[in-house]
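Heads up, the sequence shown is in this note's numbering, so the first residue is 182 and it goes up one at a time. For each residue, glycine too, the CB sits at the ideal point set by N, CA and C. Because the structure is a prediction, the values reported are computed rather than measured. Everything below concerns the one structure shown next.
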Amino acid sequence: MKSISIWSNAFQPWCRVEKHKNIYCFPNQQYDTQKIAASMLICLGLSLLGCSIYAAVACLTIFPCLALIVIAFVLLTVAYLQYMQGWTIIQFSKFREKYRTLLLFWEKTPLGYCHPHCPQVQIYEGTTEILKKVFLRSAWQHKLCFLVQEIDQSTLKQTPSSHGLLAERTFQLIPELKASLIQNLHFQNGVAKISDPIVIAWDVGLQKQASKPTPQCVVYVDTPYAQTDIELGDEETCEAAYTRAYIQAFTTVMSQVAFPSVKKHGIYILVPLLGVPDNVPVKGSYPARALSKTAFLQAAEFLTKQVTKQNWPFSVTLILVDPLNEHPLTSLCSYGDFVIKPINFDDLSS
C-alpha cells in the first residue's frame, strides 16, 4: 500500500483529477519570485519565436532563425522549471479509487464485492435494500440460504446476566430454534460443551411453513472470547478465535450443500458479527467489532482458497450484517445511539 507522495514541483496551475489517479495541485505562496521570473522568461521566449518566424519569412535567413528558435526554447524550458517550483502537487495512491477500507483486494460489483482471483465468492454488506434484493432471488425460494448464529452461554444458563451477544439480536429467530439447540447441547457443571458447530433446520416443528422463503438452516458456532473485554495483549488470540469461528461456520455450511441443486442458483450465507458483546456502548464495542470484521475477511479468504482448490462450480455470497452500521466494511465507524431492531424475514419479503 503506497502512502501519499508529495512533490514540491508541479506542472498544473489548477486542481484536477485524472482517470486513473488523483492529482491535486496547490499554489505555494513562498515562490512568488519564481512565478514572476517564469512569466518574464515566457514572454521573452515567445518574442524570440516570433522574431525567428518573421526572419524566416521576411529575410529568408536560415541560421539566424535556428539560433533564435534554440534560444527561445531554452528560455521557455527555464521558465517551466521556475514555474514548477511555485506549485505543490499531491498524488493520492490508486487504491483509494478501487479499494474500500477493509476490502483491500476485493473488486466492486453492482451489489457488493468479489474476489479478484475467485469471482464466484462475493461479499455483500447487509443493508436493508440489499437484503430485500437478495431475498427476492430464486436461491431463497430453493432454500439455498444459510444463517450463521452464535451460541450465548449466559442465555443457555437461563440465569440473569448482564452479558449478551450482538449476533443474537441481529436476526429475529423463531423460539423453536433455541429449544432445539438446547436439546443438541451437552452440559457439564452448567456449561455447554461445544466442540463442533451445530446445524439446526429452520423449519423444525414448522413444516406447514416450509414453502415460505426462509433460511434452510442455522449454523451455531461458539466464540470463547465473545463475552470478555478485549485487552491489547489478547487481540491476536481473540482474532484467531474469531477467525476460527467464521471458518467453522463457512465449512459447515459447505458440508450441508447439495451440489446438484446449487450449481444453478448458488448459495447465500447470512453472517452477523461474531464475538461482539451487546452490553457495551456503541463506541465501546468498536475494538471487538473491528476484530470481528477482520476475522470475517480472513475467513472469506480461506473460503476462496477452498472454492478454488475444490473447483466448486457455483457462487457463494457472504452477507455481513451489523445492526450498528449499515456499511460494516466500507465504513468502520458508527456514531450515535442506536436502537437495535432484529431483522425479520417476513418484512424482507413485503
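Looking at the DSSP output, V400 sits in a beta bridge with V329 and V380.
Between V452 and G307, the alpha-carbon positions lie close to 9 Å from each other.
When the five nearest sequence neighbours on each side are left out, the beta carbons in the same chain lying within less than 7 Å of the beta carbon of S473 are those of Y423, L454, L455, G456 and V457, in order along the chain.
C-alpha of L354 to C-alpha of G345: approximately 15 Å in a straight line. Residue nearest to F526 within the set A480, T214, F327 and A248 is F327 (criterion: CA-CA distance). Counting other Cβ atoms within 10 Å of its Cβ, D377 stays below 16 and is therefore classed as exposed. The three-state secondary structure of L292, taken from DSSP, is coil. As computed with DSSP, I500 is found in a beta bridge with Y305 and L451. Under the three-state reduction of DSSP, F495 is assigned to coil, being neither helix nor strand. The C-alpha of E310 lies about 12 Å from the C-alpha of H508. Between C246 and A237, the beta carbon gap of about 4 Å places them in contact (Cβ cut-off 8 Å).
DSSP, read as helix, strand or coil, puts F352 in strand. Per DSSP, the continuous alpha helix (DSSP H) segment holding F254 begins and ends at F244 to M265. The secondary-structure analysis by DSSP pairs C299 across a beta bridge with H296. Secondary structure of I234 (DSSP, three-state): helix. If the five residues before and after T433 are omitted, its C-beta is found closer than 7 Å to the C-beta atoms of P378, V380 and V400, all from its own chain and listed in chain order. With 16 or more other Cβ atoms inside 10 Å of its own Cβ, T404 counts as buried. Distance between T214 and Y235, taken at the CA atoms: about 32 Å. Here the C-alpha atom of D384 lies approximately 8 Å from the C-alpha atom of C398. According to the DSSP secondary-structure assignment, P458 is paired through a beta bridge with L346. Exposure of T242 is indicated by the presence of fewer than 16 other C-beta atoms within 10 angstroms of its C-beta. A straight-line Cα-Cα distance of about 12 Å links S436 and I428.
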